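Written out below as structure tokens is the structure these notes cover.
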Amino acid sequence: MQPDEESAARCRSCGGDDLAVFLSLGDMPLADGFIAPQKLADNDPRFPLDVAFCRDCTLVQILETVPPEQLFDADYPYFSSVSEQLLHHSQGNVNDRIDDRHLGRKSLVVELASNDGYLLQFYAARDIPVLGIDPAPGPVAVARDKGIDTILAFFGRDLAKDLAAKGRKADVIHANNVLAHVADTNGFVEGIATMLKNSGVAVIECPHVKALIDHGEFDTIYHEHLCYFSVTAVDKLFRRHGLYLNRVEPLSVHGGSLRLFFEKHENPGASVREYLASEHAEGVDRFDYYENFSARVRAIREELTQLLSDLKSRNARIVGYGAAAKGTIMLNYTGIGRETLDFVVDRNTHKQGRYIPGVRLPIEPPERILQTQPDYVLILPWNFKDEIMSQQAEYRRRGGRFIVPVPHPAIL
Ligand SMILES: [Zn+2]
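Heads up, the sequence shown is in the numbering used here, so the first residue is 691 and it goes up one at a time.
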């Protein structure tokens, strides 16, 4: 199946056609398309990956839209509750919202892309009514088993209208790392406006495009991530639907993310004014800022492949840690495969036994690290490097070393 060229020519937010491409990663496989052994004989689907800046509304976005049924198939293996760091982060988020919105038994908290209930479970534990919405059957089944009321569907304009008509309007709507994944960006935001009570708040988390550019995080660019938001761009998008950005909090997870608070009245706090001013001062709202990114991405590729080939020439044994989407992009863009890495480990049992798309590296359980004691472990989900290194303290104690690829390839 080919990406839709028609819709690719228009900005996902403002609909304008002045899109300036600043990075082409080439034909890449689907980052989360981990291959089951019985499918190894098939060719991996590949799609171009081109990133552009909209000169009209400043939104950074990829041009291709892979059909969602190909991206999120029935055995989509991601379960949020696997990461302890994410659970801890979520519990803090919930406690803060219960306090600052005075939530109780008559409130309703909705999460869009609620996955396995990793976040809503903390509200439910405090007797606050919740509703999850998620299109992936596996995680939804797990959420329902935990007693989290969850609708199996893609969220958008129409579902929001149905729910609002049934009186299911929300005091808080959470949407964490999903806004960038949605093909109908405006329909999704309109749906949030429809489902939110007049007194409600939408709490949206997304990676900050400034972190991506400043730290060379090109491996966070993949077909699932259609948009890369600045505060400037996201403000324009939501404002179009009567939702106003009133507060911004920086988050350290996912390599520099933002938590954005939208309400139906405009009352921007100092944090909003500061982010908008600093983005303008640094040029995040202008094309120049993105222009040399492509050269920096190529430099990371050269440094990493050089580092690993030097180690291999001294007979080092190297494995990868983390069958994360960003790992698929890093390995395929740099061309690092079985000649360099023996295998990749991952804690997620749904991924073990499968293969990284494109480079076809096998995914094994983390215990394989201590069993084989390689000289180096290349950490692919570098945003979880502290958690991974502390889980693998014994490996390090026995003399093992870690490598991270970004912001610059380095041995830790
Ligand atoms: Zn635009």
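Here a beta-carbon is modelled for each residue, glycine too, at the ideal position from N, C-alpha and C.
Owing to the predicted nature of the structure, the values given are computational and were not obtained by experimental measurement.
Query: On a CA-only basis, which of A860, P1064 and P1097 is nearest G1090? Give me that one, please.; Result: P1064
Query: Closer than 7 Å by C-beta to P660: which residues in its own chain qualify, once you throw out the five before and the five after it? Chain order, please.; Result: Since the first residue shown for the chain is 691 and the last is 1102, residue 660 is missing from the structure and cannot be characterised.
Query: Just to confirm the assignment, what range does the alpha helix (DSSP H) spanning I1078 have?; Result: K1075 to Q1081
Query: Taking 9 Å as the CB-CB limit, is R1058 close to chain D?; Result: Structure shown: chain D not included; a single protein chain is present.
Query: State yes or no: is the C-beta of C747 nearer than 8 Å to some heavy atom of ligand 1?; Result: yes
Query: Run the CB neighbour count on Q1061, radius 10 Å, all protein chains shown included, and call it buried at 16 or more, exposed below.; Result: exposed
Query: Does the separation of the CB atoms of E969 and K900 fall below 9 Å?; Result: yes
Query: Indicate the three-state DSSP secondary structure (helix, strand or coil) for Q692 in the structure shown.; Result: For Q692, the predicted model reports a pLDDT of 44, less than 50, meaning its position is unreliable; a value from the coordinates is still stated below. If DSSP states are grouped into helix, strand and coil, Q692 belongs with coil.
Query: Would you kindly work out how many angstroms separate the C-alpha atoms of G723 and I1046, rounded to a whole number?; Result: 8 Å
Query: Exposed or buried, what is R702 when buried is set at 16 or more other beta-carbons lying within 10 Å of its beta-carbon?; Result: buried
Query: Just to check my reading of the structure: I1008 and L1068 have Cβ atoms closer than 8 Å, yes? What is that Cβ distance to the nearest angstrom?; Result: 6 Å
Query: What do you reckon, is the C-beta of D790 under 8 Å from a heavy atom of ligand 3?; Result: With respect to small molecules bound, the structure shown includes ligand 1 and not ligand 3.
Query: Using 10 angstroms around the beta-carbon of P1099, count the other beta-carbons present and answer buried if the total reaches 16, otherwise exposed.; Result: buried
Query: Quick one: residues in its chain with C-beta nearer than 7 Å to the C-beta of R858, no 5 flanking neighbours on either side, listed in chain order?; Result: L798 and L821
Query: With contact counted as at least three CB pairs below 8 Å, one residue from each stretch, are the stretch 915–934 and the stretch 868–882 in contact?; Result: yes
Query: When DSSP labels each residue in this structure, what does S697 get in the three-state scheme?; Result: Note that S697 has pLDDT 45, beneath the 50 cutoff, so the model's placement of it is unreliable and no number is given.
Query: Pick helix, strand or coil for L998, following the three-state DSSP scheme.; Result: helix
Query: Out of L753, L902, L720 and V962, state which residue places its alpha-carbon closest to the alpha-carbon of Y631.; Result: Residue 631 is absent from the structure shown; the chain starts at 691 and stops at 1102.
Query: In angstroms with no decimal places, state the Cα-to-Cα distance between G705 and G932.; Result: 18 Å
Query: For A742, which option in Q728, P735 and A710 has the closest C-alpha, if you only look at C-alpha atoms?; Result: A710
Query: What does DSSP give as the partner residues of I738 in its beta bridges?; Result: The displayed chain sequence assigns Pro, not Ile, to residue 738. In the DSSP output, where bridge partners are listed per residue, P738 has D717.
Query: Considering only the beta carbon of each residue, do E1077 and S804 sit closer than 9 Å?; Result: no
Query: For N888, which residues does DSSP report across the bridge?; Result: N888 is not bridged to any residue.
Query: Could you name the residues that DSSP lists as bridge partners for D975?; Result: According to DSSP, D975 bridges with nothing at all.
Query: Contact between the stretch 981–1001 and the stretch 1018–1031 is defined here as three or more beta-carbon pairs at a separation below 8 Å; is this criterion met?; Result: yes
Query: I'd like to check one pair, G890 with L849: are the Cβ atoms closer than 9 Å?; Result: no
Query: Which residue comes first and which comes last in the alpha helix (DSSP H) that contains P829?; Result: P827 to D835
Query: Would you give the residue range spanned by the beta strand (DSSP E) that V799 belongs to?; Result: V799 to L802
Query: Check each candidate in T748, V756, A726 and R745 and name the one with the smallest Cα separation from R736.; Result: V756
Query: In whole angstroms, give me the CA-to-CA distance for S984 and E939.; Result: 29 Å
Query: Please determine, among D732, Q728 and V893, the residue with the shortest C-alpha to C-alpha distance to A865.; Result: V893
Query: Using DSSP with H/G/I as helix, E/B as strand and the rest coil, what is A1014?; Result: coil
Query: Among the residues of its own chain, which have a CB less than 7 Å from the CB of A883, if the five just before and after it don't count?; Result: H931, G932 and L933
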